[in-house]
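Line by line, the protein sequences are chains A, B and C.
Just so we're aligned: the first sequence equals residues 442 to 779 in the working numbering.
Just so we're aligned: the second sequence equals residues 874 to 1154 in the working numbering.
Just so we're aligned: the third sequence equals residues 62 to 404 in the working numbering.
The beta carbon of each residue, even a glycine, is placed where N, CA and C say it ideally should be.
Remember, predicted model here, so these are calculated numbers, not experimental data.
Down below is the structure, laid out as structure tokens.
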Amino acid sequence: MLDAAPLVNKLSPTPTPAPQAPTAALLSLERLHRRFNVGGGRQLHAVDDISFDIAPGESVGLVGESGCGKSTLVRLIARLLDTTDGRIVFSGDDLAAIPAKRFAKAKQRPAIQMVFQDPTDSLNPRFTAREAIREPLTLLTGMKRGEADARVDEVAAQVGLPAVLLSRFPHQLSGGQKARVGIARALAVKPTLLILDEPTAALDVSVQAVVLQLLEQLKRDLGLSVLFVSHDLNVVRLLTDRVAVMYLGKLVEIGPSEHVFRSPKHPYTQSLVSAIPGQGPRIKLSGEVSSPIDPPPQVCRFHGRCPRGEDRCAREAPPLRMVGSQLVACHFADPAAT
Amino acid sequence: MNETLKHIKHVLSENPVTMLAAALFALFVLIAFVGPSIVPIDPLASDATAALKPPSAAHWFGTDALGRDIFSRTLVATRLDLGIAVSAVVLSFALGIALGLAAGFFGGWWDTLITRTSDTIMAFPLFVLAMGIVAALGNTVSNIVLATAIINLPFYIRVARAEANIRRGAGFIEAARLSGNGDVRILAVHLFPNILPPAMVQVSLNMGWAILNAAGLSFIGLGVRPPTPEWGILVAEGAQFIVSGEWWVSFFPGAVLMLAVFTFNLLGDALRDIFDPRRRT
Amino acid sequence: MSAPPLLDVKDFGLEFRTRSGTVRALEGINLRIHKSEIVGLVGESGSGKSVLSYALLGISDRAAKVTGGTAIFGGLDLLKASEKTLADLRGREVSMIFQSPRTALNPIRQVGLQIEDVLRRHAAAPGADLGKSLRERAVQALREVAISDPQRRHAAYPFEMSGGMCQRVMIALALACRPSLLVADEPTTGLDVTTQAAVMDLITSLARERQMATLFITHDLALAADYCDRIVVMHAGHAVEAAPARALFTQARHPYTARLLSSTPDDKTRSAQSLQPVPGNLPDLRRNDLPGCRFADRCERKTEQCVNERPALAADAAHSVACWHPLFGPPSARSHGSEVQHA
């Protein structure tokens, strides 16, 4: 049922033709790598050969355990970090070519914004809410104070933040209110790509629901593209069109959210989905996660922990291939499996 | 502005000790400004007939070996001592914080260079280093200020570096980058105000230390030259008379010196409270 | 349950003296845990669930003051026991595991040695195999929590281990002396879904094996439902509903519980707009004029009675609720002294 917005799936090495007339992707990651030196000539492969697209107005989820590289990937896309290899093509320009240090002054800076996980940590304790939301406006759009203040009022209303709270400091605001300030700040400069890094993780359950409703409404009203990182799979399922699953720096499955959750094809995704409380029998994983330092390129990263592991997995790392409606990196993914 | 004044009043009234410190501080500042105009007797006027007289109605703190009124001299010295201390601390603060921020935020060779310099300064007994600097550069007030500033640099560098290090990975710093802030602006607008509270306590402690430093240097003959009244010199002039019983010559200037240092130390906490937005309700 | 409860908390109240007023953190708590039962204590931040557990173990903040009630554990009232008695009890009869494993472990001491410390402190613990050395027993404890290669890991430091492994070490520490009651305070918050499942499986299997009672504190209702026999829901310092796990989900009686359930997405939720968040905010517990039922100001079923009288939870019923107008079933029994005094 691919009647969602036209999707262009990019995989390496052969591109798969899109089911409908392709629309130019807003963001296109091409063979992205990020490695860190950990001394002694060894390297940690945080992001390993990741390629996927985000179409305009599309909402893509990014899930995976801690250490899988999703935080690093997100920081690469937001240009807070430099890539080791690969291209980040955004509306036709390769952003990876601009060093992160200089990106603050780049013309694309306002187009990609991010909402952080911890609302308390991501607000400067000495700035009022108004000052925090206004800063990107004055720095990135050249607005004067008066204009910027008007825009602050506008976006505060959009996120349901009462105007009287704008003159308060973060420590005078509740968790939910701080979360709204963070969202308002990101939206103020009218980005075309919004990255949400675990936006409800630090919030109480009752506040989470309100923020989720806000996010859903904004997504509808503003039509921006969203990259939604979360460990809460139920939330990802709710708010995204497609979802990408990462494991140890690699993409293991990507496809329409409903399909991935209802019939996951990669053994890791299957175990992840089964671990959600209330999902019934759990697929248990044995052993510890393999090391991301200098991993042997011909071995599947999930080998050793995978409930199904065969000789082939240690000789040949599986490429992403189309299985049913998802791209899956596993030799044994079965299109017929539920 | 109104908010700020209200907040300052609130902080001061919370703690009676803070009130006391603030009052004393205000008194010292007042004396520093108007002291020379309100002295009862010319601090430089000597009167051989009235030498070494104990405290009396005519001379509240008594007179010294040259018959000069100690009270007037002590009062007038306030301006010089405070002036030296404030100049030294301001200089030290500005330079030290800037260097510390750079070291903590950028890391790498910035950090190595600045930290090693700081370590080198701290390797010396600080007073000896100050002596050395003044002796090498010459006996002037500006050199005392310079020397005091240099030996106090490491404290500011250390505080700023530690705080910058803690905060450099903070969410709001990353958010600042997303908002279009370059490195320099992040340091100045985002980091600096947040390290102010711990830095302010340092400033106050430093003021006390700077006064002691200047007094100490003058005591041993480096720095301010007699007959200019300065607390350290006044104490030095009276040192030889303690044994023979004319205790007041050293005592009163010393007591005032002690009171000044005490005031600044007490003020440290109050300053930190004033600058910390978390205390505002 | 016909057997007497292992832990019987009756009408427990606690407050904190702070500069900005007295915080009435807990009021009228009734709670029972039976041997080898796993009870989930569910509530949001500010509900008092952690405060309750700390108070039972006698490790509350110094500003805390018990205002009434009893907490009988094995014939002893924990609230009136001396520090010495409690210190002997902690680690041996009652143990606790905390939320952040890295901060709960001593970062500069090898994990095996930390386990040995506990064993040494309670050297005469019942069931201890005194034939083995402390080191052997520590290694055995590590093995029991499924840490691979326990001989080598004995010498490891917490920073060398992953979050999930640190959590297992903490569990090993807590269970080294075979306590009869384990209090687990948000042990899996911050862990990934798969690690969370593994840790919860470990805790529950050990609990069943050793017939150990467990009080599992969490804000995640779905997680509690998966692993606990019974669940107690807390709101603003009150225990508002207690029921067997399944029953709570299918027939929540208290309006707050129902809202908690409807505000969390599950696999059937189609749109965020269908979620029903809890309206309003937690009441300020420093107020003198708190309504009898502290959920009153956020509840659409509120009446005069809710403001004036505090509904109490019956500790002995299978599914009980502290509400004058529950969604199903009879309201709380009226008890003497449930009228609220407004200061």
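Sequence-distant residues of the same chain with beta carbon closer than 8 Å to residue i, five excluded per side
i         : result
C/Val200  : Gly173, Pro211, Gln212, His215
A/Leu644  : Pro560, Gly616, Gly617, Ala620, Val652
B/Val1076 : Val962, Phe966, Gly1141, Leu1144
C/Arg163  : Pro219, Phe220, Gly224, Cys227
B/Thr819  : Only positions 874 to 1154 of chain B appear in this structure, which leaves residue 819 of chain B out of reach.
C/Ala86   : Leu75, Glu76, Phe77, Gly109, Val112, Ala125, Gly298, Leu346
Distance between residue j and residue i (C-alpha atoms, nearest Å)
i         : j         : result
C/Ala233  : C/Leu203  : 6 Å
A/Val782  : A/Leu726  : In the structure displayed, chain A extends from 442 to 779; residue 782 of chain A sits before or after that span and is not available.
C/Tyr218  : C/Asp246  : 23 Å
B/Ala1128 : B/Gly1096 : 21 Å
A/Ile713  : A/Gly505  : One point to set straight first is that residue 713 of chain A is Leu, not Ile, in the sequence displayed. Spanning the two alpha carbons is a distance of roughly 8 Å.
C/His183  : C/Gly152  : 8 Å
B/Ala975  : B/Arg1058 : 12 Å
B/Ser1091 : B/Ile987  : 30 Å
B/Ile1084 : B/Leu1130 : 8 Å
B/Asn1138 : B/Val912  : 27 Å
B/Asp1146 : B/Val1074 : 9 Å
A/Leu768  : A/Val701  : 10 Å
C/Cys289  : A/Gln558  : 29 Å
C/Ala268  : A/Gly719  : 21 Å
B/Val959  : B/Pro1099 : 22 Å
A/Pro705  : A/Asp735  : 28 Å
C/Asp72   : C/Asn91   : 5 Å
Proximal residues to residue i (C-beta, below 7 Å), its chain only, five neighbours per side dropped
i        : result
C/Ala258 : none
C/Ser111 : Asp246, Ile278
A/Thr524 : Leu473, His474, Arg475, Leu517, Ala537
C/Asn167 : Gln175
Residue j beta carbon less than 8 Å from that of residue i
i        : j         : result
A/Ser500 : A/Lys631  : no
A/Asp682 : A/Val556  : no
A/Pro748 : A/Ile724  : yes
C/Ser106 : C/Ala297  : no
C/Thr275 : C/Ile120  : no
A/Arg592 : A/Met584  : yes
A/Ala541 : A/Leu634  : no
B/Leu972 : B/Ile1030 : yes
C/Ala300 : C/Ala383  : yes
A/Glu471 : A/Gly508  : no
Other residues of its chain near residue i: CB distance less than 6 Å, five sequence neighbours each side excluded
i         : result
C/Glu154  : Pro240, Ser241
C/Gly390  : Arg314
A/Pro776  : Val764, Gly765
B/Ala1020 : Ala1003, Ile1006, Val1007
A/Cys741  : Cys754, Ala758, Pro759
Per-residue burial, residue i [other beta carbons within 10 Å of its own, 16 or more giving buried]
i         : result
C/Ser156  : buried
A/Lys546  : exposed
A/Lys511  : buried
B/Lys879  : exposed
A/Ala462  : Any reading at A/Ala462 must be qualified, since the residue scores a pLDDT of 40, below 50, and its modelled position is unreliable; no value is offered.
B/Asn1086 : buried
A/Ala685  : buried
B/Asn1109 : One point to set straight first is that residue 1109 of chain B is Ala, not Asn, in the sequence displayed. Label assigned to B/Ala1109: buried.
C/Gln334  : exposed
B/Trp1104 : buried
B/Phe978  : buried
A/Gln739  : exposed
Any non-hydrogen atom of the ligand NAD closer than 7 Å to residue i Cβ
i        : result
A/Val530 : Ligands are entirely absent from the displayed structure, and the ligand NAD is therefore not among its contents.
Taking any Cβ of chain A, which residues in the region 1043-1055 of chain B have a Cβ under 9 Å from it, in chain order? Ala1043, Gly1044, Phe1045, Ile1046, Glu1047, Ala1048, Ala1049, Arg1050, Leu1051, Ser1052, Gly1053, Asn1054, Gly1055
Using a Cβ-Cβ cut-off of less than 7 Å, list which residues of the region 570-591 of chain A approach chain B; keep chain order. Glu576, Pro577, Leu580, Leu581
Taking a Cβ distance cut-off of 7 Å, strictly less, list which residues of the region 635-650 of chain A are near chain C, in chain order. Asp645, Val646, Ser647, Ala650
Which residues, in order along the region 1064-1080 of chain B, keep a beta-carbon less than 8 Å from a beta-carbon of chain A? Pro1066, Asn1067
Can you list, in chain order, the residues of the region 499-524 of chain A whose Cβ is nearer than 7 Å to any Cβ on chain C? Glu506, Ser507
Return the residues of the region 547-570 of chain A that lie within a Cβ-Cβ distance of less than 7 Å from chain B, sorted by chain order. Arg550, Gln554, Met555, Phe557, Asp559, Asp562, Ser563, Leu564, Asn565, Pro566, Arg567
Listed in chain order, which residues of the region 696-722 of chain A have Cβ atoms closer than 8 Å to some Cβ of chain C? Phe702, Ser712, Leu713, Ala716, Ile717, Pro718, Gly719, Gln720
Note down, in chain order, all residues in the region 534-545 of chain A with a beta-carbon under 9 Å from any beta-carbon belonging to chain B. Ala541, Lys542, Arg543, Phe544, Ala545
Identify each residue in the region 99-115 of chain C for which the Cβ-Cβ distance to at least one residue of chain A is less than 9 Å, and report them in chain order. Glu105, Ser106, Gly107
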